[in-house]
Amino acid sequence: MRASSMHTSRKWLVVAAILALVATACGAEEETDDAAAAQAQAQAAAAQAEADAAQAEADAAEAALTQAQADLEAAQAAAAEAMEGDDAAQAKLSAALADAEAALADAEMAAEEAMEAAAAAEEAMEAAAAEEAAATTAVEEEAMTEAGPFTYKLAIFSDPTTDNPWAYLDTEADVWNQYVLSPAIPTLYGSTFPSYTVVPNLAADVEPPLGAASGDNWVIDVNMRQGLVWSDGSPITANDVAFTFNAVKGLQMGGNWFSLLPLAREDDPATEENEGAEGLISVEALDDYTVRYTWSSQPGLAQWQFGAAQAAVFSEAHWGPHVGASGDAGELYAVSGEGAPSGGSMVFDRREPGAFARSVANANANDQGAQTISYSSGGVTFSGDVNWQVGDTTGEVIADSIGGPHAGDAIYSVYDTQDAAVLALRDGEVDFLLNPLGLQRGLQSTVLEAGDLDVIANSSNGFRYLAFNTRSFPGSDVAFRQAMACMIDKEFMATNVLQGVAIPLNSMVPPGNAFWANPELDAWCAGQSQEERVNSAVQILKDAGWTWDVEPQWNPDNRDVIPKGEGLRGPDGTLVGDLELLAPGPGYDPLRATYSLFIADWANDLGIPLTAEPTGFSVIVDKVFGPVDWDMYILGWGLTIFPDYVADFFDSRADSATAGGFNIPGYANPEFDAMADRLKAETDINEAAAIVRQMDAVLAQDVPYVVLFTTPVLEAFRNTLEFPSTTTLDGLQNFQGLPGAVNLAQ
Amino acid sequence: MIRYIARRTVQMFVLFIIFLTLTFLLLTALPGDTVKQRFATNPNIPPEAAQLAIERLGLDKPLWEQYSSYMWNFFRGDFGFSFLQYPRPVSDIILERLPRTLVLFLTVLVSYYILGFVAGKFIAWRRGRRGEHAITIGSVFLYTVFYPWFALMLIWFFAFYADVVPINKFLDPEEWVDAPFSSNHVFMVIFGVMLVAGTVALTLWILSRRIRDPARRKRTVWVGYGALAVVMLWFWYLSDFGSARRLYAGDILHHMILPVVTITLISFAGIMLLTRSSMLETMREDFILTARAKGLAEKTVRDRHAARTALLPVTTSLVIAVATVIDGGIITETVYSWPGMGELLFTSVVGQDTNLAIAAFSFVGVMAMVGHLVVDILYMFLDPRIRVTGE
């Protein structure tokens, strides 16, 4: 038993020894950054101790020398006295003198050695001090590196699927790739932060030139700025712009490239009705700094100012060899973009799949130190190597920024859940939560518990809506749609049911996109009580010839519709059968799920036998984009600043059932189609805005969609960071968290 | 035996074809497709672009053509490219995810099997005492606790409040930004070391069984383990290859602590109860009575007679678990931001990345079938009552 116990103890001793070894080794590795300084300090301290000891020895030797001299003098005095004594005493004296002289010689030697040691120690001390100073300087420099070009740490919630910027604009068009890759991509023109005003980047012309007719075509020549360089120091030229176009065309790239470079495609179905393909025919470099765009006809805003003028530009020198003769875009997309020349503020540096991505500051970033001022009136002024002014600059300054990058690098860490990311934010592991959906409202208070974190709220550029299938009864009847719209009390839903989480919307262009929005649009039956809504909806239907077997009545005593409508029939006597409202389930989006239940209930009051069906997102998409056997659904859109989507969503020639477009309700209105054509051809932004407002008004009347609500984008970040502004449509995430502009707060 | 294995292999192959076919049909039967999911709700991308993507991914072809083409390529070792990470080959993505899952879940497996077996042995021996009740109630409570909540609580406490382990992920980005190796490479090194060390330790243990003198056997085992530890220390601290990767491997292992602890706490009860019931059954056997009658120490009866026999079902359960470990755990990998095979299976199915999902499922399927075959063969060796008959 005892032997066993001893044996066990021995085992534990062995384990403990191994653990101690590991711990010691681990401990030795820690604090490697300060090791050099610590070592130098230790050396300096040792040298100081040595010097002190040597000095003490020197002092002692000097004292011994003094003592020896005194002894010698005493001995000489004694000798003089003894001279007068006997021989024995004289001999004794001689011996004493010899001893004293020897002691003096020894003392002198010791003093000399001690002085030499002291001098050597002093030298060692000086050397150690110099080494310590050097080490301290290195540490200080490193500390300055951390405090100056700091690391901007962002949390993202999905792994970027590619590190190739071409692929990101094609098959890999997702927001996570955009966050990581787009800060390295230059464009001729771009949307400025925070007002989304179109401003020049690589272009020398302040506004995108409109061009002129040339034969059957339309030609636009753009002058580019000289002196702008890629991150590798090579100049950015018109050849790069032309190369990008030719690569996209030659490799038949799709995805976002369709919108960015709307090529004249020979397989375009629209061309069957036309003599030639419509769109961008060619892009060529007239010289190093002049690029020519040739169009089949004059391009509208969507094609030019908000399309090709804002298309990505890639370095021909770097990517040219990868654009092979095989004509396969996949070969190009397989090439890593790590370290590829950047024309933006950051250079994409590294991707560790599943863990993080990193961009580093572009040391050759253009316009570093330039000042950009944005005004509430939409205007922007720029002062740097060039100076320009765009738009009306009479309003208040809403952002004033100095060209960066200020951060040394940006690290995008992947978290799968917001809960973990919020803990990481509070713990200092990340500085900003980058998410297109923003911070979950429930986590806001957790973030704000930490004193060094801020949460901002911005309007999102998107909406969630109820759509009718206008191809079949009863959705085909405008009165039916209007009555439904009238019954939906958005204010009640936003305030009482959804507790302020949702913001009611009445137009296709959210008010946050102020330049394009139509502020005069009101919801159907706006400001009415529930009783008034019921009465108004009944009246709308009656006026259009609808009838009931049992007409719905508002009962003031019960404050409810009693009896509810029954046997609702259309103007031609067709009975309204069972209808289905497809909406995402509460697990996917509780707001839309809740809304669908209320809408079904209000419809039932009117006698419309509508049932809300919580349905998977993919199922809804598959069903409504495919065959037309659906009645109503609730989904949402994320939108663009230039609202040509209004045309895409409702142009009868873009019917999803027949043309595979985005007009899912199958709305058909020739007047609207004509406006859509005008919008697509319009080249003046103010005229275009007027057309969009008209289109919005038509849609508000015809109600193919009932636009329901939008939600604010909440964003959380550390308040040691400073952004040029924190107020912008769709939040800072729409500008990728501003890695090129963020700075440390003063 | 060889005929038996050959027959089982043919059966497995047929089963695998059926498995692949069903997986393909089920995945393609899902409503919508990957292009619709990605492009249909993005008004920036016109319908022509979606059509181009459909053609590029081969989704415009008839189903039977997609199926036959897929099967033909699959058995030639070409799993195609991922729809979600076009044009990255599926095999590339699986090879990226597999080591992460193997390293984490093999560690977890060993950890909770050892804990479960030891605890099961202990409570079976102490049946009816307070210790048994306390351990059983505690472990079953953990076994039934709502896992994501429990994991988040542990993250909050150990990673955020106590700050002793990292919050999620499998590495610290700031440590890795200038790393000369990819994390995948380091995972492979860790996995290799685990494999070698595990094999050596197991071989040592098996060989030591031949030594009859218990004291000498124990000494031999411990000396062997000590030597193994020294070799490991030499590898990580003194060899150029290991020392260059030590910091990165250490970072990964540091991030593994919390997931391993969490799953071990949640899962060991199952093995514990299995061991307990097996032990209790064994303890009723005559040979245990004989062993006691011979005057052997209780510890010897427990460990060398009862526990070894009770190990049989636990071993077979372990082999099956090893075979299915590559599917990882969706919840674990999501809660801990540890993107391995479990998360890959989930995202590929949800994103309707058919090529990727089928290939990932096929790995799980093959491993599960091989695992069952190994169990059957193991049973024949371990349990003398089972023999292949009718040959």
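So the sequences go chain by chain: L and G. Start counting the first sequence at 1; every next residue gets the next number (our numbering). Start counting the second sequence at 1001; every next residue gets the next number (our numbering). Yeah, the Cβ is synthetic: ideal placement off N, Cα and C, and Gly gets one too.
Closest Cα partner of residue i within the set the options
i	options	result
L:Ile281	L:Lys249, L:Asp287 and L:Trp295	L:Trp295
L:Pro165	L:Leu261, L:Leu263 and L:Leu332	L:Leu332
L:Phe157	L:Leu439, L:Val713 and L:Asn535	L:Leu439
L:Trp319	L:Thr244, L:Asp416 and L:Gly369	L:Thr244
L:Trp602	L:Ala526, L:Asp560 and L:Ser472	L:Asp560
G:Gly1342	G:Asp1092, G:Ala1197, G:Leu1102 and G:Asn1042	G:Leu1102
L:Leu423	G:Ile1167, G:Ser1082 and G:Tyr1067	G:Ile1167
G:Gln1011	G:Val1319, G:Val1366, G:Phe1346 and G:Tyr1086	G:Val1366
L:Ala689	L:Gly587, L:Pro519 and L:Asn734	L:Pro519
L:Trp548	L:Ala583, L:Ile608 and L:Thr162	L:Ile608
G:Leu1273	G:Asp1163, G:Asp1303, G:Leu1115 and G:Asp1240	G:Leu1115
L:Ala741	L:Thr393, L:Glu671, L:Asn362 and L:Tyr645	L:Asn362
G:Tyr1070	G:Leu1373, G:Ala1368 and G:Ala1357	G:Ala1357
L:Gly211	L:Tyr588, L:Thr611 and L:Gly300	L:Gly300
G:Phe1079	G:Tyr1112, G:Val1035, G:Gly1128 and G:Phe1024	G:Phe1024
Interface partners of residue i on chain G, CB under 8 Å
i	result
L:Gly587	Those within 8 Å of L:Gly587 in chain G number zero; the least Cβ separation is about 13 Å.
L:Arg426	Phe1160
L:Tyr747	With chain L represented from 1 up to 746, any question about residue 747 of chain L goes unanswered, as that position is not in the structure.
L:Gly337	Within 8 Å Cβ-Cβ: nothing; L:Gly337 doesn't reach chain G, min ~13 Å.
Cβ-based neighbour list, residue i, same chain, cut-off 8 Å, excluding 5 preceding and 5 following
i	result
L:Gly339	Val347, Phe348 and Asp349
L:Pro670	Ser652
Residue(s) in a DSSP beta bridge with residue i
i	result
L:Tyr412	L:Leu154 and L:Ala357
L:Val550	L:Glu566
L:Gly462	L:Gly638
L:Arg351	L:Ala357
L:Gln766	Nothing about residue 766 of chain L can be read from this structure; chain L reaches only from 1 to 746.
L:Pro200	L:Tyr189
L:Asn223	L:Thr290
L:Pro235	L:Val229
G:Phe1081	G:Pro1089
L:Glu613	L:Leu582
Contacts of residue i in chain G (Cβ-Cβ under 9 Å)
i	result
L:Thr755	The question about residue 755 of chain L has no answer, for chain L in this structure spans 1 to 746.
L:Asp216	Within chain G, no residue comes near L:Asp216; the closest Cβ sits about 24 Å away, beyond 9 Å.
Chain-ordered chain L contacts of residue i [CB-CB under 7 Å]
i	result
G:Leu1152	Asp419
G:Leu1311	Those within 7 Å of G:Leu1311 in chain L number zero; the least Cβ separation is about 22 Å.
Per-residue contacts from residue i into chain G (C-beta, under 7 Å)
i	result
L:Asp622	Pro1031, Gly1032 and Lys1036
L:Glu429	Ile1167
L:Ala450	Simply none; closest approach about 11 Å.
Proximal residues to residue i (C-beta, below 7 Å), its chain only, five neighbours per side dropped
i	result
L:Asn387	none
L:Ser383	Ala370 and Gln371
L:Glu491	Pro504
L:Arg441	Val501 and Leu714
G:Pro1148	Ile1331 and Val1335
G:Val1374	Val1319
Chain L residues whose Cβ lies nearer than 9 Å to that of residue i
i	result
G:Ile1045	Ala173, Gly254, Gly255, Asn256, Phe258 and Ser259
G:Trp1156	Asp419 and Leu423
Within chain L, partners of residue i - CB distance below 8 Å
i	result
G:Ala1040	Val621 and Phe625
G:Thr1334	Asp416 and Thr417
G:Trp1205	Under the 8 Å cutoff, chain L gives no residues; its nearest Cβ is about 15 Å from G:Trp1205.
6 Å CB neighbourhood of residue i in its chain, flanking five on each side removed
i	result
L:Leu13	The predicted model places L:Leu13 with a pLDDT of 46, which falls under 50 and marks its position as unreliable; any figure quoted below should be read in that light. Hits under 6 Å: none found.
L:Ala138	Note that L:Ala138 has pLDDT 43, beneath the 50 cutoff, so the model's placement of it is unreliable and the number below is only indicative. Closer than 6 Å at the Cβ level, and outside the excluded window around L:Ala138, lies no residue.
L:Trp630	Asn469, Lys623 and Val624
is_contact[residue i, chain A] using C-beta, thresh 8 Å
i	result
G:Glu1285	Of the protein chains in this structure, namely L and G, none is chain A.
So, do the segment 216 to 234 of chain L and the segment 391 to 410 of chain L have three or more beta carbon pairs nearer to each other than 8 Å? no
So, do the segment 455 to 471 of chain L and the segment 696 to 707 of chain L have three or more beta carbon pairs nearer to each other than 8 Å? yes
With three or more beta-carbon pairs closer than 8 Å as the criterion, would you say the segment 658 to 667 of chain L touches the segment 426 to 446 of chain L? no
Is it true that the segment 183 to 191 of chain L meets the segment 301 to 313 of chain L, where meeting means three or more beta-carbon pairs spaced less than 8 Å apart? yes
Counting Cβ pairs closer than 8 Å, one from the segment 1084 to 1094 of chain G and one from the segment 1238 to 1254 of chain G, do we hit at least three? no
When you compare the segment 222 to 241 of chain L with the segment 1011 to 1030 of chain G, are there three or more beta-carbon pairs, one atom per stretch, that lie closer than 8 Å? no
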